[in-house]
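Since the structure comes first, as C-alpha cells, the remarks are kept for the end.
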Amino acid sequence: MRMDARIMVTGGTGQIGSELTLELRKRYGNENVLALGHSRKPTGDLLENGPFEKADIRDRERLETLIEEYEIDTVYHLAAVLSGVGEKDPQFAWNLNVNGIINVLEIARKRNIKVFWPSSIAVFGNNCPQDNTPQDTALQPTTMYGVTKVAGELLCDYYHRKYGVDVRSVRYPGIVSAETMPGGGTTDYAIAIFYGAVRNNHYTCFVREDTVLPMMYMPDCINAAIDIMKAPAESINTRLGYNLNGTSFSAGDLAKLVAERSPGFRIEYKPDYRQAIADSWPNSMDDSLASKDWGWKVEWGLDRMADDMFARLRKRKADGHL
Ligand code: NAD
Ligand code: SER
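If you're matching positions, the sequence shown starts at 455 in the numbering used here and goes up one per residue.
This is the structure:
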C-alpha cells in the first residue's frame, strides 16, 4: 500500500475495527484513516486522534459522498452482523451483510478503490473435513451469517474478474481481544471467559466443554489484514477468502488455562442455540495458501494470548474501566 494511502474503516467502532483503525493510523498517519461508525459512539483515541463519521453501510449515496470528501482510495470493510445475532434475525443479517459488501464493491468499481473484506470460518458447514479444513472444499454453511459470507466471497471474486476490483479477503477464525467487546458471535465465549474471570472469577459458557474451534489473537488478526493489503497484486491467487488458522483449543482447555491464572475460577456449561453453530464450523483450517502467497504466519499462541488478556483486563479493572 502507498504510504500516502487514504483509508476508510467501516465498522470502525467494532471489535476488530476499533483496533485496526488505531494501528492503521500509527502506520499511515492519523489524518489518513477515517473510522466509520453507526450506532456506537467511540471514545478516547478512536474519536480524538483522527477523523470519525457516522453512516449506515446500506446507504450507498452517503458512503460514496464520504469516500469522495475524504479522497479515500482504500476501504477496510468490517461493518456486519455476526453469527449469533444474525441467527436471531436472518433477514436483517442478509440485508446488512450482503448490501454492505455490494455497496462497497460498486463504489470500488467506479472509483478504483482497493478493498479488504473479512470472511469467516462460518463459510464452512457440517459436510466438509473438520480438521485442517482445506482452502477449496464445499461451502454449505448452516447459518445466515455463513450464507452472507459465501455470497460476499463470490461477489468479491465476481467484481475482481468482471471489473478488476482489487479486493482481498481472509477467512478469520474467532478473534480474541481485550479492548472492545465482541458484537454477538459464536466464538465470543473465548473472550467472555476472561471478562468473567477478572470480574467475579466465574463464567457460564454457552458451548460444551469439548467444543473445539480455531481462534486468533487480535495482533495477528490486524497484521493479517494489513499484510494481505500490502502484498503485490500478482501474489494474490484467490479473491475468495484465504483460510487463516490461529490456534485451536476446546472450551474446557481454555477454562483450565484461565483457572491456572485465576485460582478459584468456576465455570458452568449451559449450551444454547450457538452450540449447533459451533459444531458446524472447523476445528482447524489449512492456511498454507495464505503462507505461500503473502507470507501469513501466526505469532501468538494460546499461553501468550491468555497472559496478555489477563494483563490487559486486570489493568482495565484497576483503572476502573471494567
Ligand atoms: P462487531 O460486531 O464488533 O462490529 C461490527 C460493526 O458494524 C459495529 O461497529 C457496528 O456499529 C457496525 N454496523 C452495524 N450495522 C451497521 C450499519 N447498518 N452501517 C454501518 N455500520 C454498521 O464485529 P467485528 O467482530 O469487529 O467483525 C468485523 C468483521 O470481521 C465482520 O465482517 C465479521 O464478520 C468479520 N469477522 C469477525 C470475526 C470475529 O471473531 N470478531 C471472525 C471472522 C470474521
Ligand atoms: N467470530 C465470528 C462469529 O462467531 C465468526 O465469524 O460469528
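Note that beta-carbon positions come from the ideal geometry of N, C-alpha and C, so glycine has one too. All values derive from a computational prediction rather than experimental measurement.
Asked                                                                                                                                                                                 : Found
So the candidates are Lys508, Ala651, Glu523, Ala509; which of them puts its Cα closest to the Cα of Gly718?                                                                          : Ala651
Would you mind giving the Cβ-Cβ distance between Gly504 and Arg481, rounded to the nearest angstrom? I have them listed as a contact below 8 angstroms.                               : 12 angstroms between Cβ atoms; not a contact.
Got a sec? Which residues, its chain only, sit under 7 angstroms from Gly491 by beta carbon, not counting five neighbours each side?                                                  : Gly466, Thr467, Phe506, Lys508
For the stretch 554 to 610, which segments carrying the beta strand (DSSP E) assignment without a break, of at least 3 residues, lie completely within its bounds, in sequence order? : 568 to 574
Are there 16 or more other CB atoms within 10 angstroms of the CB of Ala592, so buried, or fewer, so exposed?                                                                         : exposed
Which whole-angstrom value describes the C-beta separation of Tyr626 and Pro572, a residue pair presumed to lie in contact below a C-beta threshold of 8 angstroms?                   : 5 angstroms
Kindly indicate which three-state DSSP category Ser704 falls into: helix, strand or coil?                                                                                             : strand
Could you compute how far the alpha carbon of Lys616 sits from the alpha carbon of Leu559?                                                                                            : 12 angstroms
Touching or not, the stretch 577 to 584 and the stretch 530 to 540, by the rule of three or more beta carbon pairs under 8 angstroms?                                                 : no
Could you check if Asn557 is buried or exposed, using at least 16 other CB atoms within 10 Å of its CB as the buried criterion?                                                       : buried
Looking only at its own chain, which residues have a Cβ that is under 7 angstroms from the Cβ of Ala605, when we skip the five neighbours before and after it?                        : Val552
Indicate whether Asn586 and Ser738 have their beta-carbon atoms separated by less than 8 angstroms.                                                                                   : yes
Look up Ser623 in the DSSP assignment and give the residues it is bridged to.                                                                                                         : Trp571
Using only the heavy atoms of ligand 1, determine whether one of them is closer than 7 angstroms to the beta carbon of Ser738.                                                        : no
For ligand 1, is there any heavy atom lying closer than 7 angstroms to the beta carbon of Ser742?                                                                                     : no
For His614, which three-state DSSP category applies?                                                                                                                                  : helix
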